[in-house]
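What follows is a single structure, written as structure tokens, with notes after it.
4 protein chains.
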Amino acid sequence: MPKLKMGMVGGGEGAFIGAVHRMASNIDGQIELVCGAFSSSAEKSQRSGEALFLDASRCYASYQEMMDKEAALPEDERMDFVSIVTPNHMHFPVAVAALEAGFHVMSDKPATLTLDEAIKLRAKVEETGLLYGLTHTYTGYPLVREAKARVAKDDFGTIRKVVVEYPQGWLADADGDDNKQAAWRIDPAKAGVSCCMGDIGVHAANLAEYICGIEITDICSDLNTFVDGRTLDDDGSVLLRFNNGAKGVLMASQISMGEENGIRIRAYGDKGGFEWRQEEPNTLTLKWNHKPAELVRTAAYGEFSALAQAAMRTPAGHPEGYLEAFANLYKDFSEHVRARKEGRDVAETAKTLTGIKEAVRGMAFIEHVVKASEEDTKWHTLPQY
Amino acid sequence: MPKLKMGMVGGGEGAFIGAVHRMASNIDGQIELVCGAFSSSAEKSQRSGEALFLDASRCYASYQEMMDKEAALPEDERMDFVSIVTPNHMHFPVAVAALEAGFHVMSDKPATLTLDEAIKLRAKVEETGLLYGLTHTYTGYPLVREAKARVAKDDFGTIRKVVVEYPQGWLADADGDDNKQAAWRIDPAKAGVSCCMGDIGVHAANLAEYICGIEITDICSDLNTFVDGRTLDDDGSVLLRFNNGAKGVLMASQISMGEENGIRIRAYGDKGGFEWRQEEPNTLTLKWNHKPAELVRTAAYGEFSALAQAAMRTPAGHPEGYLEAFANLYKDFSEHVRARKEGRDVAETAKTLTGIKEAVRGMAFIEHVVKASEEDTKWHTLPQY
Amino acid sequence: MPKLKMGMVGGGEGAFIGAVHRMASNIDGQIELVCGAFSSSAEKSQRSGEALFLDASRCYASYQEMMDKEAALPEDERMDFVSIVTPNHMHFPVAVAALEAGFHVMSDKPATLTLDEAIKLRAKVEETGLLYGLTHTYTGYPLVREAKARVAKDDFGTIRKVVVEYPQGWLADADGDDNKQAAWRIDPAKAGVSCCMGDIGVHAANLAEYICGIEITDICSDLNTFVDGRTLDDDGSVLLRFNNGAKGVLMASQISMGEENGIRIRAYGDKGGFEWRQEEPNTLTLKWNHKPAELVRTAAYGEFSALAQAAMRTPAGHPEGYLEAFANLYKDFSEHVRARKEGRDVAETAKTLTGIKEAVRGMAFIEHVVKASEEDTKWHTLPQY
Amino acid sequence: MPKLKMGMVGGGEGAFIGAVHRMASNIDGQIELVCGAFSSSAEKSQRSGEALFLDASRCYASYQEMMDKEAALPEDERMDFVSIVTPNHMHFPVAVAALEAGFHVMSDKPATLTLDEAIKLRAKVEETGLLYGLTHTYTGYPLVREAKARVAKDDFGTIRKVVVEYPQGWLADADGDDNKQAAWRIDPAKAGVSCCMGDIGVHAANLAEYICGIEITDICSDLNTFVDGRTLDDDGSVLLRFNNGAKGVLMASQISMGEENGIRIRAYGDKGGFEWRQEEPNTLTLKWNHKPAELVRTAAYGEFSALAQAAMRTPAGHPEGYLEAFANLYKDFSEHVRARKEGRDVAETAKTLTGIKEAVRGMAFIEHVVKASEEDTKWHTLPQY
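Protein chains in written order, with the numbering used here: chain Y, 269 to 653; chain V, 269 to 653; chain A, 269 to 653; chain S, 269 to 653.
Dropping the structure here:
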């Protein structure tokens with residue numbers, strides 16, 4: 269079987285996350301970018317595509333055109349799946365269009381602009397039977413996966429306490445609000461009901477659930493808008509209850525000056541605890557009460573869970589980074605697509621890919637964390653959708 | 269003027285914190301232990317005192333005896349102040365007895381068993397006009413003081429967000445509940461209404477207020493008891509509002525396995541942020557949005573605020589620890605006592621010593637954080653007492 | 269202009285570094301693998317190539333065949349350059365064959381098995397006028413480049429002292445000597461006159477010269493073989509003199525148990541110093557005598573030298589790793605190839621790519637550090653070749 | 269038995285290390301400062317002593333007077349031992365005078381100005397049969413002792429490689445050469461044949477031998493003087509051979525800008541390795557080839573060797589610092605003095621106190637490292653004296 273063929277929507281000149289998706293999908297040499305609708309400007313889309321070495325005929329003026337024209341190509345020529353890297357408000361219409369045209373979807377997060385859209389999108393995924401992946405990047409780090417595997421085999425006992433945080437500082441000044449990356453995030457029309465929680469808080473919530481294998485059931489939310497002139501949150505703290513009785517704290521902030529992308533999780537069970545943080549992602553610290561802490565390090569040739577092993581590319585001490593984590597999501601998604609094409613089971617290690625279920629949960633978290641923040645009662649139940 | 273003369277109540281054989289107070293008061297050679305009622309057992313008190321090189325006649329059978337007999341000694345022989353290092357429930361009666369007998373008091377924290385006692389104690393302090401110091405140890409670290417000084421001169425701008433935490437793991441197992449240190453902390457009769465918040469949460473609250481120069485006005489509290497068979501909290505998370513509009517999160521835990529005494533504070537203003545943690549107390553990290561983070565390091569000969577400078581003893585790279593921080597509280601308290609004896613003003617650098625005001629605030633925090641945890645409404649106002 | 273076309277020699281099934289070169293050359297989507305001679309076994313080469321989605325006709329049985337057949341293809345079809353990822357002893361013959369067939373060469377390090385070969389290779393490069401790149405990986409890290417740029421603009425003053433080290437532990441046991449990666453490294457026929465210095469010590473020497481912009485002139489060498497049964501060094505320490513009067517220490521070790529790939533450099537000038545280490549490559553620590561240390565962090569949107577800026581792909585806090593560093597070498601090499609094809613100047617930021625000059629210097633270092641170790645005199649001059 | 273009585277020579281107003289000795293001897297409340305000759309100026313000595321609460325009659329005008337007058341006091345009044353905290357050139361005459369007057373000696377390091385003096389001092393110690401302790405401070409850290417204990421019970425196997433370093437930056441500028449602390453260190457008349465090696469290099473050598481239980485037999489030395497106008501070394505690197513076949517590197521520097529007191533040791537045996545550094549002294553990292561690194565942390569109630577246990581004062585997470593390490597040397601020395609007075613064996617845990625043997629070895633190291641640096645031959649044997 270040849271390389272998988274990817275089409276991209278969004279990610280033209282000046283965009284940030286599109287380039288990340290392309291680099292991530294490139295690393296393993298399993299996926300080939302064959303077409304794209306890189307911008308809502310036809311000219312810009314054309315120019316962007318050619319700079320990516322695409323055939324001019326497959327640089328489309330709109331995502332609708334891309335779906336139509338690609339669907340009309342012979343099966344062995346047309347794209348296998350669509351990668352969606354637009355601002356948030358376009359995720360839903362593009363995903364629906366792709367699914368309706370018969371293409372699998374790999375989407376940047378959050379899945380949609382609203383919870384309602386997410387529920388509709390799930391229906392569409394179920395109706396078409398096509399594949400849907402959501403790039404909750406941090407789940408791609410090898411040691412995040414190792415932590416998940418160790419929780420699953422009860423190394424830490426029953427999880428009692430989870431502290432997950434995602435501090436950033438880059439939106440601490442109103443001055444930066446007109447830069448391209450900031451502008452859409454603070455605009456409700458493009459970002460939805462939340463800035464901070466929608467952009468990064470939801471990553472933290474997802475990471476906690478992914479690793480610990482438990483689900484948030486209730487939240488006590490306190491969102492803040494520190495910078496004048498904004499309508500959405502730029503900071504927030506949330507107390508958590510989980511379905512196994514664990515408690516937790518989730519903090520996300522975009523006004524924590526000097527912080528970069530400090531997503532970090534600490535969790536404690538009744539046997540032990542662990543800590544992982546993205547800024548030094550190749551160390552997983554295991555914590556014990558009556559013996560020394562241990563430093564588990566990323567290492568392609570070490571003794572790890574199969575889940576983690578499948579996500580490593582370099583020997584110990586040769587650090588793996590954000591792009592490799594992102595690449596693992598594309599690797600998993602590719603495995604799903606290939607297994608589908610080959611009519612076989614998906615490899616076990618690819619099964620933790622975040623998908624439509626997490627998409628709906630994420631949107632539910634975002635909408636309810638905003639609602640809960642406005643309430644006077646302490647605890648707000650997160651409904652199941 | 270000779271060394272100051274200290275009497276001690278509590279801290280006999282097998283005790284932990286009494287030895288800490290003695291070492292801390294020893295370091296600078298300004299204070300001499302002259303007497304003590306080290307145990308409620310007369311024999312044990314005697315034996316403890318003699319092991320500390322005390323004259324047998326000044327190893328008392330009870331704190332009442334100590335107050336009486338010392339008060340009867342000539343002024344230049346009797347103790348200058350009492351150091352109280354008993355379990356929590358004895359702090360109040362001993363402090364009152366000492367004040368009534370005319371002695372200044374340096375007390376281990378928390379000041380009393382209940383808020384009510386703290387208010388009464390404050391009245392007694394005011395009535396007698398004597399000195400009262402409370403050992404909120406972490407305020408003695410040089411770089412905690414440097415952080416306080418830098419906040420005060422507006423280096424970080426208006427503080428918006430404070431995250432303060434104190435994770436421990438040592439009470440994660442019921443197994444340890446019969447060791448001496450654990451037993452009284454989990455016993456309401458000896459510890460008061462709270463274990464975790466009373467023992468360590470209050471340190472975190474105090475540290476945040478001390479450094480940032482702002483006061484907690486409202487709390488949203490979620491306390492937990494994870495270990496079966498306990499009646500008091502062994503973990504808790506609290507959302508905070510401060511009187512300058514800042515928000516915060518306070519986490520304290522005694523079931524966070526593998527954590528030691530991880531008290532740590534991060535705060536962010538509208539100009540910059542900082543981080544300090546006790547486990548590596550000689551580094552204060554300054555965080556900025558558009559320039560590199562800076563590592564300020566303890567160094568007796570560096571350029572620091574007078575407040576921090578007065579708290580340092582060694583050159584950069586020669587780490588100062590917990591005992592030196594504790595010693596700084598005794599150093600400050602000694603300065604207050606000496607200034608009083610000499611009829612002069614207290615040195616500016618000694619004025620941040622935590623005292624009866626913080627004692628009352630601390631007890632108010634403890635009682636209200638417990639009350640608030642039981643309520644369904646989100647925010648609970650912390651009254652001024 | 270289309271993607272550049274790469275042919276690969278070596279890197280078939282079971283190999284390690286070939287996959288690294290492929291991932292690194294993939295990331296930016298500027299290079300396409302079009303052919304290869306992946307193994308000395310024709311069958312294995314074929315199987316490896318097909319797993320990489322190559323056309324069967326371009327999976328060659330030998331590198332000689334690859335050179336012949338590719339050279340015979342039309343110019344717009346044949347490969348643009350050859351990537352050499354074989355064990356050390358094959359680097360030279362393959363590079364010569366490629367150059368003679370008219371192809372540019374990107375070679376894994378060390379360039380050749382012997383200094384003599386390196387000198388011959390240089391002659392061949394000069395004779396053909398073709399491009400030659402050598403993958404001294406660590407020079408690809410953004411903050412290594414930032415350090416180089418800061419030294420160049422005199423931020424640290426005249427460099428006086430350089431400490432560079434590369435500790436590993438993986439060859440500490442004879443037990444591992446029959447694994448594929450170990451076996452050739454300890455075999456003089458495949459690795460040359462040195463194991464530890466040839467494999468990793470030369471990286472350390474190169475890194476010091478690359479960043480500091482000075483050259484080693486004299487060495488005092490002490491190589492060791494700690495594991496019985498080996499003939500080559502598995503550890504060594506070398507004192508250094510540089511051409512600007514600086515002194516240094518170079519340590520490399522493969523028997524330092526528990527160490528991973530801890531290449532690290534510290535250098536001190538008469539104005540300040542810096543430290544960088546690969547295991548946390550996204551922090552460059554600046555050290556000053558009378559102000560706090562500063563932490564410079566990788567960040568695609570920060571204020572950096574153009575050299576470093578060109579080497580960054582992600583925002584602050586999203587760690588870049590080993591593959592991205594490696595990718596920067598391919599990015600630089602691509603720029604050289606494209607500039608040559610387009611008849612234009614090479615971009616300034618690509619000019620620090622390590623090439624044939626460093627190849628010869630590296631081999632000279634390896635041979636002389638072995639010679640010097642056997643001598644009784646302290647200092648051994650490193651000749652200019 | 270009462271507190272031990274200490275007399276001090278040196279350490280008057282403006283001195284640094286005298287205050288450190290006093291604080292260190294104070295901490296445990298076992299030692300009382302009873303007299304001193306704090307300065308060569310009688311008036312300054314008097315003033316210094318009174319500030320330390322001494323009886324005016326025991327503030328002596330000279331060390332000779334102190335020896336005479338104290339020796340004439342009744343046995344239960346006179347000092348038990350002399351603490352010597354003068355600049356280096358006075359260590360020898362004061363120590364000899366004390367021993368001849370019948371007093372035990374606790375001396376700051378280095379023991380003497382020259383090797384010859386050290387040998388004579390050893391003879392005097394042996395002749396008098398009195399106790400002699402040398403404050404190699406770093407041997408007092410709990411985790412240094414734990415490392416020693418673990419090496420001794422073969423946790424790491426046979427030590428093969430030792431890397432010990434002591435970088436400082438404070439003498440990088442000639443500007444500081446007239447400050448009091450710098451001035452005597454760079455003056456051969458007061459510091460002896462070496463500045464950097466005598467002041468800090470010898471600490472590094474001692475630390476390596478103390479922990480690893482092996483002795484340096486040969487050195488290859490390269491000392492430097494980077495700052496113009498100095499006659500002594502301000503930097504140096506030394507290759508080492510040990511009596512068990514291990515190799516090593518010792519680096520000491522006073523011109524490494526931005527470095528504080530970064531003494532650090534890494535050692536590797538054929539089973540595992542470890543690392544300890546003073547700037548974060550409460551962590552000992554254990555390194556293994558096939559399992560995670562472990563972080564052993566200072567903790568008064570943990571499972572440690574008796575040697576380390578005896579050196580700890582606080583629970584895990586409450587950092588112990590430089591003064592506590594220093595206090596452990598006084599604690600050990602006190603135990604020797606008390607055991608002598610009580611006619612009993614010294615406690616096992618006090619037996620690693622560095623004494624006259626290490627004093628001679630240290631001076632031999634200093635003199636030979638200077639000699640060796642001037643030689644053209646690579647290896648220089650360190651004679652046994």
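Virtual Cβ for every residue (Gly too), placed ideally from N, Cα, C.
Next on the checklist: Taking the alpha-carbon of S/Tyr267 as reference, which of S/Leu621, S/Phe633, S/Lys646 has the nearest alpha-carbon?
Outcome noted: Summary: the structure shown does not reach residue 267 of chain S, with chain S confined to residues 269 through 653, and so no result is reported for it.
Next on the checklist: I need the DSSP call for A/Lys619, collapsed to helix, strand or coil.
Outcome noted: The residue you call residue 619 of chain A lines up with position 351 of the third sequence. A/Lys619 falls in the coil class under three-state DSSP.
Checklist entry - So, S/Glu562 versus S/Leu554, is the Cβ gap smaller than 9 Å? => result Within the fourth sequence, numbered from 1, the residue matching residue 562 of chain S stands at position 294. Within the fourth sequence, numbered from 1, the residue matching residue 554 of chain S stands at position 286. In contact: S/Glu562 and S/Leu554 (Cβ atoms closer than 9 Å).
Checklist entry - Mind checking A/Gly370: buried by the 16 CB within 10 Å criterion, or exposed? => result By 1-based counting over the third sequence, the position of residue 370 of chain A is 102. With fewer than 16 other Cβ atoms within 10 Å, it is exposed.
Checklist entry - If we call anything under 9 Å between Cβ atoms a contact, is V/Gln522 one with V/Trp438? => result Within the second sequence, the letter at position 254 stands for residue 522 of chain V. Within the second sequence, the letter at position 170 stands for residue 438 of chain V. Against a cut-off of 9 Å, the Cβ pair of V/Trp438 and V/Gln522 comes out as a contact.
Checklist entry - Which one of Y/Lys337, Y/Gly630, Y/Thr499, Y/Met374 has the shortest CA to CA distance from Y/Asp455? => result Here residue 455 of chain Y refers to the residue found at position 187 when the first sequence is read from its first residue. If we check each option's Cα against that of Y/Asp455, Y/Thr499 comes out closest.
Item to check | Beta-carbon spacing of Y/Phe633, Y/Ala535 below 9 Å | outcome: On the first sequence, position 365 is the one that residue 633 of chain Y refers to. On the first sequence, position 267 is the one that residue 535 of chain Y refers to. For Y/Phe633 and Y/Ala535, no; Cβs fall outside 9 Å.
Item to check | Close beta carbons around A/Leu322, own chain, < 8 Å, minus the five adjacent residues each side | outcome: On the third sequence, position 54 is the one that residue 322 of chain A refers to. Within the same chain, A/Leu322 has close Cβ partners Leu301, Val302, Cys303, Gly304.
Item to check | Contact under 9 Å by Cβ, V/Gly585 with S/Gln436 | outcome: In the second sequence, the residue the question calls residue 585 of chain V occupies position 317. In the fourth sequence, the residue the question calls residue 436 of chain S occupies position 168. Yes, Cβ-Cβ distance for V/Gly585 and S/Gln436 is below 9 Å.
Item to check | Inside the segment 408–472 of chain V only - beta strand (DSSP E) runs reaching at least 3 residues | outcome: 427–435
Checklist entry - Quick one: does V/Leu552 have its CB under 9 Å from some CB of chain Y? => result Within the second sequence, numbered from 1, the residue matching residue 552 of chain V stands at position 284. For V/Leu552, the answer is no, since every Cβ of chain Y falls outside 9 Å of its Cβ.
Item to check | chain S contact for Y/Glu562 (CB, 9 Å cutoff) | outcome: As a first step, residue 562 of chain Y must be located in the first sequence, where it is residue number 294. At least one chain S Cβ lies under 9 Å of Y/Glu562.
Checklist entry - Quick one: Cα of V/Ala386 to Cα of V/Phe601, how far? => result Numbered from its first residue, the second sequence carries residue 386 of chain V at position 118. Numbered from its first residue, the second sequence carries residue 601 of chain V at position 333. Those two C-alpha atoms are separated by around 20 Å.
Checklist entry - Cα separation between Y/Ala614 and Y/Ala607? => result Position 346 of the first sequence, counting from 1, holds the residue named residue 614 of chain Y. Position 339 of the first sequence, counting from 1, holds the residue named residue 607 of chain Y. This sequence places Val at residue 614 of chain Y; Ala is not what is there. Going from the Cα of Y/Val614 to the Cα of Y/Ala607 covers about 5 Å.
Checklist entry - Is the segment 355–362 of chain S in contact with the segment 570–588 of chain S, if contact means three or more CB pairs nearer than 8 Å? => result no
Item to check | Beta-carbon separation (whole angstroms), A/Cys464 vs A/Ala520, contact threshold 8 Å | outcome: What you label residue 464 of chain A is simply residue 196 of the third sequence in a count that begins at 1. What you label residue 520 of chain A is simply residue 252 of the third sequence in a count that begins at 1. With 8 Å as the limit, A/Cys464 and A/Ala520 qualify as a contact, their Cβ atoms being about 5 Å apart.
Item to check | A/Leu597 to A/Leu518 span [Cα, whole Å] | outcome: Against the third sequence, residue 597 of chain A aligns to sequence position 329. Against the third sequence, residue 518 of chain A aligns to sequence position 250. Rounded to the nearest angstrom, the two C-alpha atoms are 24 Å apart.
Item to check | Contact list for S/Gly540 against chain A, beta-carbon separation under 7 Å | outcome: Counting from 1 along the fourth sequence, the entry for residue 540 of chain S is found at position 272. Met525, Gly526, listed in chain order.
Checklist entry - Nearest to A/Leu367 by alpha carbon, out of A/Asp348, A/Glu281, A/Ala292? => result Mapped onto the third sequence, residue 367 of chain A falls at position 99. Of the candidates A/Asp348, A/Glu281, A/Ala292, the one whose C-alpha sits nearest the C-alpha of A/Leu367 is A/Asp348.
Item to check | Test: V/Glu338 CB closer than 9 Å to a CB of chain A | outcome: Numbered from 1 along the second sequence, position 70 holds the residue referred to as residue 338 of chain V. Not closer than 9 Å to any Cβ of chain A, the Cβ of V/Glu338 fails to qualify, so no.
Item to check | Cα-Cα separation, Y/Gln577 to Y/Glu603 | outcome: For the purposes of this step, residue 577 of chain Y is taken as the residue at position 309 of the first sequence. For the purposes of this step, residue 603 of chain Y is taken as the residue at position 335 of the first sequence. Using only the alpha carbons, I get a separation of about 16 Å.
Item to check | Cross-chain neighbours of S/Leu320 in chain V, by beta carbon under 7 Å | outcome: On the fourth sequence, residue 320 of chain S is found 52 positions in, with the first residue counted as 1. Ordered by position in chain V, the residues that pass the 7 Å Cβ test against S/Leu320 are Gly297.
Checklist entry - So who's on the other strand from S/Gly300, going by DSSP bridges? => result Taking the fourth sequence and counting its residues from 1, the one referred to as residue 300 of chain S is at position 32. In the sequence as presented, Gly is not what sits at residue 300 of chain S; that position holds Glu. DSSP, once it has assigned bridges, lists S/Lys273 as partnering S/Glu300.
Next on the checklist: For A/Glu402 and A/Glu626, which I take to be in contact (beta-carbon distance under 8 Å), what is that distance rounded to the nearest angstrom?
Outcome noted: On the third sequence, residue 402 of chain A is found 134 positions in, with the first residue counted as 1. On the third sequence, residue 626 of chain A is found 358 positions in, with the first residue counted as 1. With the sequence shown as reference, residue 402 of chain A is identified as Leu, and Glu is not the correct amino acid for it. Indeed, because the Cβ distance is near 6 Å, the residues count as touching under 8 Å.
Checklist entry - So, using beta-carbon positions, are A/Leu383 and A/Glu543 closer together than 9 Å? => result If you number the third sequence from 1, residue 383 of chain A lands on position 115. If you number the third sequence from 1, residue 543 of chain A lands on position 275. Their beta carbons are not under 9 Å apart, which means A/Leu383 does not touch A/Glu543 by this criterion.
Item to check | Any chain V beta carbon closer than 9 Å to S/Gly408 | outcome: In the fourth sequence, residue 408 of chain S corresponds to position 140, counting from 1. No, S/Gly408 lies away from the interface with chain V (no Cβ there is under 9 Å from its Cβ).
Checklist entry - Which class does A/His648 belong to by DSSP, given the choice of helix, strand or coil? => result Within the third sequence, the letter at position 380 stands for residue 648 of chain A. In the structure shown, A/His648 sits in a strand (DSSP, three-state: E or B).
Checklist entry - Quick one: what does DSSP say Y/Asp503 is sitting in, helix, strand or coil? => result The residue you call residue 503 of chain Y lines up with position 235 of the first sequence. It is a strand residue.
Checklist entry - Which bits of chain S does A/Lys448 rub up against, with CB to CB less than 9 Å? => result Translated into positions along the third sequence, residue 448 of chain A becomes position 180. In chain order: nothing, as chain S lies at least about 18 Å away.
Item to check | Residues of its chain near A/Lys271, where Cβ-Cβ distance is below 7 Å and the 5 sequence neighbours each way are ignored | outcome: By 1-based counting over the third sequence, the position of residue 271 of chain A is 3. Cβ neighbours of A/Lys271 beyond the five flanking positions: Gln298, Ile299, Glu300.
Checklist entry - Once you ignore the five residues that flank Y/Gly526 on each side, which residues in its own chain have a CB closer than 6 Å to its CB? => result Counted from its first residue, the first sequence places residue 526 of chain Y at position 258. The residues are Gly437.
Next on the checklist: List, in chain order, every chain Y residue whose beta-carbon is nearer than 8 Å to that of V/Asp467.
Outcome noted: As a working mapping, residue 467 of chain V is identified with position 199 in the second sequence. Neighbours of V/Asp467 on chain Y: none; closest Cβ ~17 Å, over 8 Å.
Checklist entry - When you compare each of Y/Arg629, Y/Val277, Y/Lys639, Y/Val638 to Y/His357 by their alpha carbons, which one comes out closest? => result Stepping through the first sequence from its first residue, residue 357 of chain Y is reached at position 89. For Y/His357, the nearest C-alpha among the options comes from Y/Val277.
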